[in-house]
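Numbering (this note's numbering), first residue to last: 307 to 540.
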């Protein structure tokens, strides 16, 4: 069963509803009676004028961009977990906006509607590293490892740790150049996890931001690309 979120006509509340495709930008006056009503401020980041934020004003053509929405699946009654996780990711991309790296995905800005951040706009890429391996694409394994290693070193130089590096979170462009995506666990070292860190069988400690998480993941990705590591699929 998929979970989704819809805003009411006034944009004041959202509702968690099962069994329909997620579309946070769709407004409805008549929401189904089942589900849980939650305050909008618990899910979306209010636009704080004091916070540096690039507001996206370009085309919403999904052939060119990918829009990442808040992690609604993490919603728990009575808390602001969804908003807090999304804030971590937005903050990481804003830091990287001033300190870009070719091995980290192209951040285009945030979609802000009625004073709330509803999405992160990223460049759209060809496929994940895992999909490329599954499809038998001719990947330069050493090149991929070199770029990702350099990208992680750059991230660490900014005082940040990715904490969830895996072949699922590495994208390839049309020329098979790799970039790291998914910054929702990207935090300073030794920061306690807001929700959880890592992907099973790829990184280490799930509950504290640690350079070891990234080091373990890099080692396992290199083994994976060389056919020496075969983790079970989720």
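The beta-carbon is built from N, C-alpha and C at its ideal position, and this holds for glycine as well. What you are looking at is a predicted structure, and each value in this text was computed from that prediction instead of being measured.
Residue i - DSSP class collapsed to helix/strand/coil
i           : result
residue 341 : The predicted model places residue 341 with a pLDDT of 48, which falls under 50 and marks its position as unreliable, so this point remains unresolved.
residue 346 : helix
residue 498 : strand
residue 487 : coil
residue 424 : strand
residue 360 : coil
residue 352 : strand
residue 466 : strand
residue 378 : helix
N- and C-terminal bounds of the alpha helix (DSSP H) containing residue i
i           : result
residue 447 : 447-463
residue 399 : 387-404
residue 530 : 517-531
residue 367 : Segment: none, residue 367 is in no alpha helix (DSSP H) and carries neither H nor E.
residue 440 : 435-440
Status (buried if at least 16 other CB within 10 Å, exposed otherwise) for residue i
i           : result
residue 508 : buried
residue 405 : exposed
residue 481 : exposed
residue 427 : buried
residue 335 : Only weak support is given to the placement of residue 335: the predicted model assigns it a pLDDT of 30, under 50, and the value that follows is read from those uncertain coordinates. Residue 335 comes out exposed.
residue 463 : exposed
residue 484 : buried
residue 470 : buried
residue 473 : buried
residue 414 : buried
residue 345 : exposed
residue 402 : buried
residue 443 : exposed
Cβ distance (whole Å) where residue i is taken to contact residue j below 8 Å
i           : j           : result
residue 489 : residue 395 : 5 Å
residue 541 : residue 510 : Lying before the first or after the last residue shown, residue 541 is absent from the chain, which here runs from 307 to 540.
residue 457 : residue 486 : 5 Å
residue 454 : residue 504 : The Cβ separation is near 16 Å, so there is no contact.
residue 417 : residue 371 : Not a contact, Cβ separation roughly 10 Å.
residue 389 : residue 435 : That belief does not hold up - the Cβ atoms of residue 389 and residue 435 are roughly 30 Å apart, past 8 Å.
residue 512 : residue 498 : About 11 Å separates the two Cβ atoms, so there is no contact after all.
residue 450 : residue 531 : 7 Å
residue 352 : residue 400 : Incorrect: roughly 15 Å between the Cβ atoms, too far for contact.
residue 429 : residue 411 : 6 Å
Where the beta strand (DSSP E) containing residue i begins and where it ends
i           : result
residue 476 : 476-478
residue 414 : 413-419
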